[in-house]
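Colleague: Take this structure first; my questions come after.
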Amino acid sequence: MFQTCTYDSIHKEKNMGVKRFVIVGKFVDGTGAALRRNIFLGVKDGVITDIGPVSDLPGNDSSVVDDFSHCIIVPAFVDCSVSLSRSPSVDRRVQISSENASFAEKITMLEKHVGYCYDHGVLGVADSDNISDLVNRSQEEMTEVNMVDIKISSQFSPSRENYIADNPGEDFIKINRFGNIDGEETAHPQLDNEELCRIMHQTKEKVVVVANGVQQVGDALAAGCDAIEQGYCMGEENLKKMAAEGVVWIPSVLRAKNGLNSASAGGNVCCRFAQSCLTPGKPVLEADKFWKKMLAEQLNQLRLARQLGVTTLIGTGAGSAGILHGESMVEEMKLFMKADYSLEETVRSATENGAQFFGMENLGALTVGRKATFLITKGTVKQLPRKLSYLEGIWVDGAPSTSYRKNPIKVAP
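If you're matching positions, the sequence shown starts at 1 in the UniProt record's numbering and goes up one per residue.
Below is the structure:
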């Protein structure tokens, strides 16, 4: 609903009607096609008009040329599972404080987390919580929230005959029947299979079900969901059914990696830049074994999903304890590549697939006729996706973003 990927209006007006050419050294377009080298993008009024080899670049003195021949360009990221209003701190006291925060304090936290997303190239997110009021207020005040396309999940009451939220402007439904794999609080424990089916048939919005295990995932698929989130231990048959029926998967592998890091360290202090925990204590052996098993099995399922042709989306779970807004995106991408996804396939899961599923029209693959919104980084192909944590710049609608901070000042999550 909140399609607000914008930049300074004066800067945008200045570039309207001006044809410019962007020279790109290495180009991953987000469709899954092979990386291309030494190409150009023709851009006018924020839209890609041409793509071709640099050798075919038109000789037009009136056009603006931007030379990124030393850089890599990819589409802007879409994180398909975040909680912008929640603190990712592993300190339970901080979590409780954020949950009990005032409306104004929650807006401040929301804006901070949106800023983290933007600074790491995440220009589209699907939020798991009912934050419509927070987002609306922030947008009215013209804050940083306007930089990111935020899709909001509808809430419902299982006690009502009509399950769908009163606010028709919300974008999709997320149902969490049994809780997350990492043990967070269950959102809708009272839903039975009949009620789940009723919800699916009442709504036109897409329905994402958080489910784990063969039975839970099987029930969600039988009810007619559009996406499975997490899906730990769901088994090959469920994956085959998802491939056959076009149900997408948000595997959230980082939840298992984060759990393993925490258990192995035996601590509770999150390191913002290493996605791991410092070590004030001994490893928690049983937890360590559990998370090693979960991580290995989820990576194996992801390999199988690739072979079967299941459409995958990247959703980090940012806002959960230890999973940080923005920078977690690249960490999840690394796990996809560990599961034998190519760079191009991983970028597609991190960009086009999520943009298409959640209807983010201004984001997604960089093809002719689409918006020229992309990320710029330096480095070699072998350094990807790690180098995408250090962006040289962000372009939005065919011009450099005036909001991007290359070296932002970090504060506590």
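Yeah, the Cβ is synthetic: ideal placement off N, Cα and C, and Gly gets one too.
In chain order, which continuous runs of the beta strand (DSSP E) of length 3 or greater are located wholly inside the region 356-404?
Modeller: List check, beta strand (DSSP E) in window: 374-378, 391-396.
Colleague: Is the Cβ-Cβ distance between proline 351 and methionine 337 less than 8 Å?
Modeller: As a working note, residue 351 is residue 351 in the sequence shown. As a working note, residue 337 is residue 337 in the sequence shown. Going by the sequence as given, residue 351 is threonine instead of proline. Going by C-beta atoms, threonine 351 is not nearer than 8 Å to methionine 337.
Colleague: Just to confirm the assignment, what range does the beta strand (DSSP E) spanning phenylalanine 77 have?
Modeller: Within the sequence shown, residue 77 is the residue found at index 77, counting from 1. That run of the beta strand (DSSP E) goes 77-82.
Colleague: In angstroms with no decimal places, state the Cα-to-Cα distance between tyrosine 341 and serine 102.
Modeller: Residue mapping note: residue 341 aligns to position 341 of the sequence shown, counting from 1. Residue mapping note: residue 102 aligns to position 102 of the sequence shown, counting from 1. If I take the Cα positions, the gap works out to 43 Å.
Colleague: With distances taken Cα to Cα, identify the nearest neighbour of glycine 231 among Val217, Asp288, Ala223, Lys241.
Modeller: In the sequence shown, the residue the question calls residue 231 occupies position 231. For glycine 231, the nearest C-alpha among the options comes from Val217.
Colleague: Consult DSSP for phenylalanine 68 and reduce its assignment to one of helix, strand or coil.
Modeller: Here residue 68 is taken as the residue at index 68 of the sequence shown, counted from 1. Here phenylalanine 68 sits in strand by DSSP.
Colleague: Give the range of the alpha helix (DSSP H) segment to which glutamate 195 is assigned.
Modeller: Within the sequence shown, residue 195 is the residue found at index 195, counting from 1. 193-202 is the extent of the alpha helix (DSSP H) around glutamate 195.
Colleague: Any idea if isoleucine 107 is buried or exposed, counting beta-carbon neighbours within 10 angstroms, 16 or more meaning buried?
Modeller: Looking up residue 107 in the sequence shown gives position 107. Buried: at least 16 other Cβ atoms inside 10 Å.
Colleague: Need the endpoints of the alpha helix (DSSP H) that glutamate 331 sits in, please.
Modeller: Counting from 1 along the sequence shown, the entry for residue 331 is found at position 331. Where glutamate 331 is concerned, the enclosing alpha helix (DSSP H) stretches over 328-338.
Colleague: For cysteine 277, does the count of other Cβ atoms within 10 angstroms reach 16, so buried, or fall short, so exposed?
Modeller: In the sequence shown, counting from the first residue as 1, residue 277 sits at position 277. Low per-residue confidence applies at cysteine 277: pLDDT is 37, beneath 50, and the placement is therefore not dependable enough to give any value.
Colleague: At what residues does the beta strand (DSSP E) containing valine 207 begin and finish?
Modeller: On the sequence shown, residue 207 is found 207 positions in, with the first residue counted as 1. That run of the beta strand (DSSP E) goes 206-211.
Colleague: Determine the direct distance from the alpha carbon of glycine 369 to that of asparagine 258, and round the result to whole angstroms.
Modeller: Here residue 258 refers to the residue found at position 258 when the sequence shown is read from its first residue. Here residue 369 refers to the residue found at position 369 when the sequence shown is read from its first residue. Rounded to the nearest angstrom, the two C-alpha atoms are 39 Å apart.
Colleague: In this structure, how does DSSP classify glycine 30 when only helix, strand and coil are distinguished?
Modeller: Taking the first residue of the sequence shown as position 1, residue 30 is located at position 30. If DSSP states are grouped into helix, strand and coil, glycine 30 belongs with coil.
Colleague: Assuming aspartate 119 and tyrosine 404 form a contact by the criterion Cβ under 8 Å, report the distance between their Cβ atoms to the nearest whole angstrom.
Modeller: Sequence index remark: in the sequence shown, residue 119 carries index 119 (1-based). Sequence index remark: in the sequence shown, residue 404 carries index 404 (1-based). About 7 Å separates the two Cβ atoms, so the contact holds.
Colleague: Return yes when the Cβ of isoleucine 228 is within less than 8 Å of the Cβ of valine 253, no when it is not.
Modeller: Taking the sequence shown and counting its residues from 1, one reaches residue 253 at position 253. Taking the sequence shown and counting its residues from 1, one reaches residue 228 at position 228. Not a contact, by the Cβ cut-off of 8 Å.
Colleague: Where does phenylalanine 178 fall in DSSP's three states?
Modeller: Sequence index remark: in the sequence shown, residue 178 carries index 178 (1-based). In this structure, phenylalanine 178 counts as coil in the three-state DSSP scheme.
Colleague: Return yes when the Cβ of leucine 299 is within less than 8 Å of the Cβ of asparagine 353, no when it is not.
Modeller: Within the sequence shown, residue 353 is the residue found at index 353, counting from 1. Within the sequence shown, residue 299 is the residue found at index 299, counting from 1. No, they are not a contact pair.
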